[in-house]
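Student:
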Amino acid sequence: MAKQLLGKEVVASLNERIKANVAALQAKGVNPTLGIIRVGENPSDISYEKGATKRCETLGVACEKILLPADVSQEELLAVIDKVNKDDNIHGVLLFRPLPKHLDQAVIENALAAEKDVDCMTDLSMSGVFTGKPLGFPPCTPQACMEILDHYGIDCTGKKAVVIGRSLVVGKPAAMMLTKKNATVTICHTRTVDMPSVAREADILIVAAGRAGVVGKEYVKEGQIVIDVGINAKPDGTPGICGDCAYDEVEPIVEAITPVPGGVGSVTTSVLVGHVVEAAMRKNA
32 MAKQLLGKEV
42 VASLNERIKA
52 NVAALQAKGV
62 NPTLGIIRVG
72 ENPSDISYEK
82 GATKRCETLG
92 VACEKILLPA
102 DVSQEELLAV
112 IDKVNKDDNI
122 HGVLLFRPLP
132 KHLDQAVIEN
142 ALAAEKDVDC
152 MTDLSMSGVF
162 TGKPLGFPPC
172 TPQACMEILD
182 HYGIDCTGKK
192 AVVIGRSLVV
202 GKPAAMMLTK
212 KNATVTICHT
222 RTVDMPSVAR
232 EADILIVAAG
242 RAGVVGKEYV
252 KEGQIVIDVG
262 INAKPDGTPG
272 ICGDCAYDEV
282 EPIVEAITPV
292 PGGVGSVTTS
302 VLVGHVVEAA
312 MRKNA
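Numbering (the numbering used here), first residue to last: 32 to 316.
1. Restricting to Cα atoms, I'd like to know which of G159, K39, A33, G196 is closest to P292.
2. Taking the beta carbon of N120 as the centre, do at least 16 other beta carbons fall within 10 Å, making it buried, or is it exposed?
3. State buried or exposed for E313, treating a residue as buried only when at least 16 other CB atoms are found within 10 Å of its CB.
4. For C87, which residues of its own chain have a beta-carbon under 8 Å away from its beta-carbon, when the five flanking residues on both sides are left out?
5. Anyone know if the C-beta pair for N213 and G189 falls short of 8 Å?
6. Which stretch, first to last residue, makes up the beta strand (DSSP E) that contains T221?
7. Assign K34 to buried or exposed, taking buried as 16 or more other Cβ atoms, counted over all protein chains shown, within 10 Å of its Cβ.
8. Rounded to the nearest angstrom, what separates E282 and I288 at their Cα positions?
9. DSSP has K96 in a bridge; who is on the other side?
10. Report yes if the C-beta distance between C171 and V302 is below 8 Å; otherwise report no.
11. Smallest Cα separation from L90: which of I68, L126, H122, A51?
12. Does the separation of the CB atoms of V70 and P165 fall below 8 Å?
13. Since V238 and V260 are thought to touch, with beta carbons under 8 Å apart, how far apart are those beta carbons, to the nearest angstrom?
14. Counting only runs that start and end within the segment 158 to 229, where is the alpha helix (DSSP H) found for 4 or more residues in a row?
15. By the three-class DSSP mapping on this structure, what secondary structure does I112 have?
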């Protein structure tokens, strides 16, 4: 039976660190604040917003919401972003994406000041992930993966790591972050030849394929650490969510695995709040 890499243990540790930093900021008269910009009424955005707001409240971080109609003009949205950029009382900003199709998402994303970009929305923040420079912040989900590895004492130095998925949201930044931890990294994608054999070579396997249960027993071997990033509706239509791994096939083989739910997703919100607090600390250093 594989060890369960439970997100709640990582969250508890992260939250203690965040609370200590919030207390230090408040002692200086600084109240770390997250600005949330939501366009429209997308149910998944609303759900994440509720989770982020609740986590902020738990950790002593203020939250200001700017809710805009789905038909907001590009000029209006850019004006809102300009306003939060100039607001010294807002330290980090979360803008829900994808935006409605009538908006130029690339232009809007890059209008945000990198120092307030707590979920790696801007090109400048992404360049920070690839160069190792403190420009903005890395995406919350791959950083949550790294927090799990760190918490459970999994040393990446010299290890073979395979990342399944090459998105800018998870796959590519996760690969860069593993490289920074001195792993030797391979990225797999839809054009990879014989992906299961490549995945089986990994000591650490991060699965961000975006498809329920796509990684089965043929992808894994004994001794592997598996981080399952996937959050999918169950393919059989039953209630609940599942990961990108066929958990019942993979778990009996590998050394350790994150469950879904209860793994990476549960850590991501604390990482987001931690970025807001770090942004406030950078500004008030």
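Cβ coordinates follow ideal geometry from the N, Cα and C atoms, glycine included.
Values in this document were obtained by computation on a predicted structure and should not be read as measured data.
Tutor: Quick answer:
1. For the purposes of this step, residue 292 is identified with residue 261 of the sequence shown, where counting begins at 1. Looking from the CA of P292, the closest CA among G159, K39, A33, G196 belongs to K39.
2. Here residue 120 corresponds to residue number 89 of the sequence shown, with the count starting at 1. Residue environment analysis places N120 among the exposed positions, since fewer than 16 neighbouring C-beta atoms fall within 10 angstroms of its C-beta.
3. Here residue 313 refers to the residue found at position 282 when the sequence shown is read from its first residue. The residue asked about is misnamed: residue 313 is Arg in this sequence, not Glu. With fewer than 16 other CB atoms across the displayed protein chains lying within 10 angstroms of its CB, R313 is exposed.
4. If you number the sequence shown from 1, residue 87 lands on position 56. The beta carbon of C87 sits closer than 8 Å to those of L65, A93, C94, V304, V307, all from its chain and outside the five residues before and after it, given in chain order.
5. To locate residue 213, count along the sequence shown from 1; it is residue 182. To locate residue 189, count along the sequence shown from 1; it is residue 158. Yes, the pair counts as a contact, with Cβ atoms nearer than the cut-off.
6. The count along the sequence shown starts at 1 and reaches residue 221 at position 190. Looking at the DSSP string, T221 is not in any beta strand (DSSP E), and its letter there is neither H nor E.
7. Locating residue 34 in the sequence shown gives position 3, counting from the first residue. With fewer than 16 Cβ atoms within 10 Å of its Cβ, K34 is classed as exposed.
8. For the purposes of this step, residue 282 is taken as the residue at position 251 of the sequence shown. For the purposes of this step, residue 288 is taken as the residue at position 257 of the sequence shown. The alpha-carbon of E282 is positioned some 7 Å away from that of I288.
9. As a working note, residue 96 is residue 65 in the sequence shown. According to DSSP, which records beta bridges pairwise, K96 is partnered with I67.
10. Working through the sequence shown from its first residue, we reach residue 171 at position 140. Working through the sequence shown from its first residue, we reach residue 302 at position 271. Contact: yes.
11. Position 59 of the sequence shown, counted from the start, is the residue given in the question as residue 90. Distances from the CA of L90 to each of I68, L126, H122, A51 were compared; the closest alpha carbon is that of A51.
12. The residue given as residue 70 occupies position 39 in the sequence shown. The residue given as residue 165 occupies position 134 in the sequence shown. It is not a contact, given that the beta carbons lie outside the stated cut-off.
13. On the sequence shown, position 207 is the one that residue 238 refers to. On the sequence shown, position 229 is the one that residue 260 refers to. Indeed they touch by this definition, with Cβ atoms about 6 Å apart.
14. Complete alpha helix (DSSP H) runs here, min 4: 171 to 182, 202 to 211.
15. In the sequence shown, residue 112 corresponds to position 81, counting from 1. If DSSP states are grouped into helix, strand and coil, I112 belongs with the helices.
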